[in-house]
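Notes for the one structure printed next.
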Amino acid sequence: NISFHRTMESKLGDIEGAEWLEGAELLRQGAEARIYRIDFMGNPALVKHRFTKKYRHPELDQKLRYRRTLAEVRAIVKARKLGLEAPALFHVDFQKCMIVMEHVQGRTARDVLFDIEQQKGEQHEQAAVALMQQIGKSIALLHNGGMVHGDLTTSNFVVRDDNELVMIDFGLCFTSRDSEDLAVDLYVLERAFISTHPSSEMLFKKVLNTYHGNSN
1373 NISFHRTMES KLGDIEGAEW LEGAELLRQG AEARIYRIDF MGNPALVKHR
1423 FTKKYRHPEL DQKLRYRRTL AEVRAIVKAR KLGLEAPALF HVDFQKCMIV
1473 MEHVQGRTAR DVLFDIEQQK GEQHEQAAVA LMQQIGKSIA LLHNGGMVHG
1523 DLTTSNFVVR DDNELVMIDF GLCFTSRDSE DLAVDLYVLE RAFISTHPSS
1573 EMLFKKVLNT YHGNSN
């Protein structure tokens, strides 16, 4: 039997699929889903739960949540088949619209860049360039496989302790090889750089240079 270890006290009686989330720690909530931290068979994991929207017709609500859950699962599976580092999938409950996936241990590229920006010296500059090159290669690999992430930000890349880069949050991912869709994906990342890392214009150019060097 699969059991989840309690991490905090919570009242989940009115939440769909509460037996799954008993003892789970709510990390964040978006417009469509809640993210919980759990222990899955001894492994740190996350549960993404697309919750019911009361204002929608029940049948329509279930179809929408099911389709979006299925699309995200397919995106993660395809990304990993392409050779992209993405969270491992542990379990999917399509009826409850829940995805149990690896909780990638590490720091977001956003936080890593913030730290680098506070430092000076050639070593830190080289570390920043190496990270940008990893990001560029990851996006190129995704786009070469006909996939658009839909929400590229430095918060959606996690750097593991061994410096391996992992792309996360495939909730808005879709299939396309249209040049405009790919360009918009990159534009979203550029805007994220401008707003979050205003002094990193040259670093984003490193992302683009590496991306173009690895694109089909």
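Sequential numbering of the sequence shown, starting at 1373, is according to the numbering used here. Using N, Cα and C, we set each Cβ at its ideal position, and we do this for glycine too.
Exercise for the section: Note down the Cα distance separating Pro1459 from Lys1492, rounded to an integer number of angstroms. Expected result: 32 angstroms
Handout entry: the region 1469-1482 / the region 1438-1457 touching (three or more Cβ pairs under 8 angstroms)
Key = yes
Handout entry: Spatial distance of Gln1498 from Arg1440 (CA atoms)
Key = Rounded to the nearest angstrom, the two C-alpha atoms are 39 angstroms apart.
Problem - Under 8 angstroms between C-beta atoms of Ala1564 and Leu1524 - result: yes
Practice task
Spatial neighbours of Asn1586 within its chain, please: CB distance less than 8 angstroms, with the 5 preceding and 5 following residues excluded, ordered by chain position.
Solution key: Gly1508, Lys1509, Ala1512, Leu1513 and Asn1516
Handout entry: Given Leu1399 as reference, the closest of Ala1417, Asp1557 and Gly1522 once Cα atoms are compared
Key = Ala1417
Problem - Extent of the continuous beta strand (DSSP E) to which Glu1397 belongs - result: Glu1397 to Gln1401
Problem - N- and C-terminal bounds of the beta strand (DSSP E) containing Ile1410 - result: Ala1405 to Phe1412
Practice task
Would you tell me roughly how many angstroms separate the C-alpha atoms of Gln1506 and Asp1533, rounded to the nearest one?
Solution key: 15 angstroms
Problem - Cβ pair Met1519, Lys1450 closer than 8 angstroms - result: yes
Handout entry: DSSP three-state assignment for Ala1417, whether helix, strand or coil
Key = strand
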